[in-house]
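A.B. asks:
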Ligand code: SF4
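Protein chains in written order, with my numbering: chain U, 1 to 367; chain S, 1 to 336.
(1) Return the bridge partner residues of residue 81 of chain U from the DSSP annotation.
(2) Would you say the beta carbon of residue 170 of chain U is closer than 7 Å to some non-hydrogen atom of the ligand SF4?
(3) Taking Cβ positions only, does residue 261 of chain S come closer than 8 Å to chain U?
(4) Between residue 357 of chain U and chain S, is the shortest Cβ-Cβ distance under 8 Å, so that the two count as touching?
(5) So residue 168 of chain U is in the beta strand (DSSP E); what residue range does that whole segment cover?
(6) Decide if the region 303 to 317 of chain U is in contact with the region 223 to 238 of chain U; the criterion is three or more beta carbon pairs, one per stretch, under 8 Å apart.
(7) Would you mind reading off the limits of the alpha helix (DSSP H) that contains residue 135 of chain S?
(8) Please state whether DSSP places residue 260 of chain U in a helix, a strand or coil.
(9) Just to make sure I have the definition right: I need the residues of chain U whose C-beta is within less than 7 Å of the C-beta of residue 214 of chain S. Which are they?
(10) Within the 8 Å Cβ cut-off, does residue 291 of chain U reach chain S?
(11) By how many angstroms is the C-alpha of residue 39 of chain S removed from the C-alpha of residue 7 of chain S?
(12) Taking the straight line between their C-alpha atoms, what separation do you get for residue 355 of chain U and residue 187 of chain U?
(13) Going by other Cβ atoms of all chains shown within 10 Å of its Cβ, with 16 needed for buried, is residue 10 of chain S buried or exposed?
(14) Can you find a heavy atom of the ligand SF4 that lies under 7 Å from the Cβ of residue 144 of chain U?
(15) Near residue 313 of chain S, which residues of its chain fall below 6 Å by C-beta distance, leaving aside the five closest residues on each side in sequence?
(16) Which partner residues does residue 14 of chain S have in the DSSP bridge list?
(17) Contact check, residue 58 of chain U vs residue 92 of chain U under 8 Å by CB: the rounded distance?
(18) In whole angstroms, what separates the C-alpha of residue 66 of chain U from that of residue 208 of chain U?
(19) Is it buried or exposed for residue 256 of chain S, if we count other Cβ within 10 angstroms and need 16 for buried?
(20) Along the chain, where does the alpha helix (DSSP H) containing residue 246 of chain U start, and where does it finish?
(21) Can you tell me whether residue 364 of chain U is buried or exposed, with buried defined as 16 or more other CB within 10 angstroms of its CB?
(22) Flag residue 320 of chain S as yes if its beta-carbon sits less than 8 Å from any beta-carbon of chain U, otherwise no.
(23) In chain U, which residues lie with their C-beta within 9 Å of the C-beta of residue 255 of chain S?
(24) With distances taken Cα to Cα, identify the nearest neighbour of residue 323 of chain U among U:142, U:254, U:293 and U:3.
(25) Mind listing, in chain order, the continuous alpha helix (DSSP H) runs of no fewer than 4 residues lying wholly within the region 212 to 248 of chain S?
(26) Mind pulling the chain U residues with CB within less than 8 Å of residue 258 of chain S?
(27) Give the DSSP-derived three-state secondary structure of residue 78 of chain S in the structure shown.
(28) Among S:33, S:18 and S:62, whose alpha-carbon lies nearest the alpha-carbon of residue 102 of chain S?
(29) Do you know how far the Cα of residue 301 of chain U is from the Cα of residue 45 of chain U?
(30) Please specify which runs of the beta strand (DSSP E), each continuous and at least 3 residues long, are wholly inside the region 269 to 328 of chain S, giving them in chain order.
(31) Among S:156, S:112 and S:288, which residue has its Cα nearest to the Cα of residue 189 of chain S?
(32) Between the region 80 to 87 of chain S and the region 105 to 125 of chain S, do three or more beta carbon pairs fall short of 8 Å?
(33) Using only the alpha-carbon positions, how far apart do residue 251 of chain U and residue 213 of chain U sit?
(34) Which class does residue 4 of chain S belong to by DSSP, given the choice of helix, strand or coil?
(35) Using only CA atoms, which one of U:266, U:277, U:284 and U:283 lies nearest to residue 291 of chain U?
(36) In its own chain, which residues sit with a C-beta less than 6 Å from the C-beta of residue 281 of chain S, not counting the 5 before and 5 after it?
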């Protein structure tokens, strides 16, 4: 992470985290009365999205820390909960929805952790099984080198039995997490892709090998793991490339450490297409065979998605037949064609994932 | 500046030898019309009602307004012409006068507006047209509109001609301006020949550019391979059919799997011989899961007939294939 400007909410001036960030990034603290001042500075740049990746705003989360994942009723959602720790990302993937999600996008990191803790305590008190993740509005581990947030969260989750935290990343920054007492209540998760997609469309992320090496180290320290083939980019010859990625995954990681593997084909809001074409001149991902999905997003023509899922799932099952594989935001027809069953036949996707978490992370509910 | 120009308009009416007027100096030309045949007839019948406006440059004159009148007089064999001479005016004053006189004569078309904006901007003292002048002349003052309009008169002649004859809209001209010149010209020629609607023009441009991106080839190659360049040079064939053919070709190449599934679906549906009263439609782009069956009828007898037809349909093996083969784009269905 390279920060060119550091803004701090006036109400949080003097917080040690701000001083630490200022020292680490060697930039002065600029205190602001409102987020608008930060947005104005970012919006004035020639490439506000690129600029937003170098502007850090330390502030309070004024909304809820725990949110339900916004599913749609046309496609099956996994019933995940988002733990909202901050926004945006210092890496730069062409397909990243965060580019058009926030206007303008800016690296925001929330400091009101006491309120976050309270919300977590309330959730833990339900003693039901919940799956939470921090990697929805940001990458879970980009904050790692200069905050102790993951440590705080890992320790917190280790102290209860019903909830599991998934830290999803494209970095390899696990060093500071390895020796923590996690009690398997934290899943370390990586997005995986082919070397080609990583090279052309995931600027600033770590290589596939580095991700897998980090995962293997996590497994060595007892962490449960998860992997997300998301987004799957469908192009000529992609099946063979994804099969090779699967081979490399299992060459690095024993499937017994894996809680789940998700598959999700590239999908995006139509507005993102212009952003990708402007910001990633050499990317070809927008030229896939996309149609307008029922949720308003551009999606690959259904038979293409089915074929890709079927192929990758078969490669995974060939090595790890019992592993929990799920599809991200797809309908029953796709599930049936790709995986040979519909979630409802196994009690629904939420239940499938809860059960996988119970098995692998030794969760238990009080209900 | 506008009022100064108004005050400075001490125009001197004179008779000027036509040989002294440099017709080749078009720096103040606004009009897009070149023909002067109609003017000759008018001048012969009614005389030169409004003499051209010229300004001295060196030993002769250049035209500020009245290019077609000077041409007509020359072509009629006149040796001299009555003229209004604008003495020693600044370039910006001349430009203002040229635009003002042209826009008084008729509403300026898009290319003329573009020329007017460029001319004024190039001659304005600080390189910026004062808003008061622009609005007094009826020119757009909104910066983003003005910027796009200014591009028009710098575009290739084929694109400008398309804008003038109404086959290419301002919006499309702006899109073409972002392409390499010869590609823009190729599209302009195609659109001028086939006159597709703006939406279809947009679709064609975007499909060609996306196919080029998808296949990593030059868009000119796509034009060539999809037969667009041949269409430009082949007169006669039915325009609508040609537009339809081009769009089909491009779609087939841009969305090969989707286009193949559509084709397979249509073939299978044809085999069902549903007739006009029974219409079967797939989910849009085959994404959803619901098919639609529409029945049209006027009488009970027709409904009875439809009922029989529906019974037949339910037992038809191709109907089942249609409903179950969607996920594979119906590819296997046609093999059987
Ligand atoms: S790593 Fe994730 S959050 Fe970061 S840019 Fe890529 S897609 Fe966006």
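All residues carry an ideal CB built from backbone N, CA and C; glycine is no exception. Keep in mind that this is a model prediction, so the values were computed, not measured.
C.D. replies: Considering the structure as presented:
(1) Residue 81 of chain U sits at position 81 when you count from the first residue of the first chain. In the DSSP output, where bridge partners are listed per residue, residue 81 of chain U has U:68 and U:132.
(2) For this step, residue 170 of chain U is matched to residue 170 along the first chain. At least one heavy atom of the ligand SF4 is nearer than 7 Å to the Cβ of residue 170 of chain U, so yes.
(3) Position 261 of the second chain holds residue 261 of chain S. Yes, because at least one Cβ of chain U sits closer than 8 Å to the Cβ of residue 261 of chain S.
(4) On the first chain, position 357 is the one that residue 357 of chain U refers to. So, not an interface residue.
(5) Counting from one through the first chain, the residue named residue 168 of chain U turns up at place 168. Start and end: 163 to 169.
(6) yes
(7) By 1-based counting over the second chain, the position of residue 135 of chain S is 135. Unbroken alpha helix (DSSP H) run through residue 135 of chain S: 131 to 136.
(8) Along the first chain, read from residue 1 onward, the residue named residue 260 of chain U stands at position 260. The answer is strand: DSSP assigns residue 260 of chain U an E or B state.
(9) Counting from one through the second chain, the residue named residue 214 of chain S turns up at place 214. Going along chain U in sequence order, the residues near residue 214 of chain S (Cβ under 7 Å) are 284 and 287.
(10) Position 291 of the first chain holds residue 291 of chain U. So yes, residue 291 of chain U belongs to the interface.
(11) As a working mapping, residue 7 of chain S is identified with position 7 in the second chain. As a working mapping, residue 39 of chain S is identified with position 39 in the second chain. Bear in mind that the predicted position of residue 7 of chain S carries a pLDDT of just 46, short of 50, making it unreliable; the figure below should be weighed with that in mind. Distance between the alpha carbons of residue 7 of chain S and residue 39 of chain S: 31 Å.
(12) Within the first chain, the letter at position 355 stands for residue 355 of chain U. Within the first chain, the letter at position 187 stands for residue 187 of chain U. So the alpha carbons of these two residues sit roughly 14 Å apart.
(13) In the second chain, counting from the first residue as 1, residue 10 of chain S sits at position 10. Under this definition residue 10 of chain S is an exposed residue.
(14) The sequence position of residue 144 of chain U within the first chain is 144, counting from 1. Because no heavy atom of the ligand SF4 lies under 7 Å away, the Cβ of residue 144 of chain U does not count as near it: no.
(15) Looking up residue 313 of chain S in the second chain gives position 313. If we look at residue 313 of chain S and ignore the five residues flanking it on each side, its Cβ neighbours are 319.
(16) Counting from 1 along the second chain, the entry for residue 14 of chain S is found at position 14. Beta-bridge pairing links residue 14 of chain S to S:83.
(17) Numbered from 1 along the first chain, position 58 holds the residue referred to as residue 58 of chain U. Numbered from 1 along the first chain, position 92 holds the residue referred to as residue 92 of chain U. No, residue 58 of chain U and residue 92 of chain U are not in contact; Cβ-Cβ is about 21 Å, not under 8 Å.
(18) On the first chain, position 66 is the one that residue 66 of chain U refers to. On the first chain, position 208 is the one that residue 208 of chain U refers to. If you take the alpha carbons of residue 66 of chain U and residue 208 of chain U, they lie about 30 Å apart.
(19) For the purposes of this step, residue 256 of chain S is taken as the residue at position 256 of the second chain. Per the 10 Å Cβ criterion, exposed.
(20) Counted from its first residue, the first chain places residue 246 of chain U at position 246. Segment 238 to 252, the alpha helix (DSSP H) holding residue 246 of chain U.
(21) Start at 1 with the first residue of the first chain, and residue 364 of chain U comes out as number 364. With fewer than 16 other Cβ atoms within 10 Å, it is exposed.
(22) For the purposes of this step, residue 320 of chain S is taken as the residue at position 320 of the second chain. Not one chain U Cβ lies under 8 Å of residue 320 of chain S.
(23) Position 255 of the second chain, counting from 1, holds the residue named residue 255 of chain S. Simply 289, 290, 291 and 301.
(24) In the first chain, the residue the question calls residue 323 of chain U occupies position 323. Closest option to residue 323 of chain U, Cα to Cα, is U:254.
(25) 219 to 225 and 228 to 232
(26) Taking the second chain and counting its residues from 1, the one referred to as residue 258 of chain S is at position 258. By Cβ distance, chain U contributes 289, 291 and 301.
(27) As a working note, residue 78 of chain S is residue 78 in the second chain. Here residue 78 of chain S sits in coil by DSSP.
(28) Against the second chain, residue 102 of chain S aligns to sequence position 102. Out of S:33, S:18 and S:62, S:33 has the C-alpha closest to the C-alpha of residue 102 of chain S.
(29) Counted from its first residue, the first chain places residue 45 of chain U at position 45. Counted from its first residue, the first chain places residue 301 of chain U at position 301. Distance between the alpha carbons of residue 45 of chain U and residue 301 of chain U is about 36 Å.
(30) 278 to 281 and 292 to 295
(31) Walking along the second chain from the start, residue 189 of chain S turns up at place 189. Nearest of S:156, S:112 and S:288 to residue 189 of chain S, Cα basis: S:156.
(32) no
(33) The residue given as residue 251 of chain U occupies position 251 in the first chain. The residue given as residue 213 of chain U occupies position 213 in the first chain. Going from the Cα of residue 251 of chain U to the Cα of residue 213 of chain U covers about 10 Å.
(34) Stepping through the second chain from its first residue, residue 4 of chain S is reached at position 4. Summary for residue 4 of chain S: the model assigns pLDDT 42, below 50, so the residue's position carries little reliability, and this model does not support an answer.
(35) Working through the first chain from its first residue, we reach residue 291 of chain U at position 291. The candidate whose alpha carbon is nearest that of residue 291 of chain U is U:266.
(36) The sequence position of residue 281 of chain S within the second chain is 281, counting from 1. These residues qualify, in order along the chain: 292.
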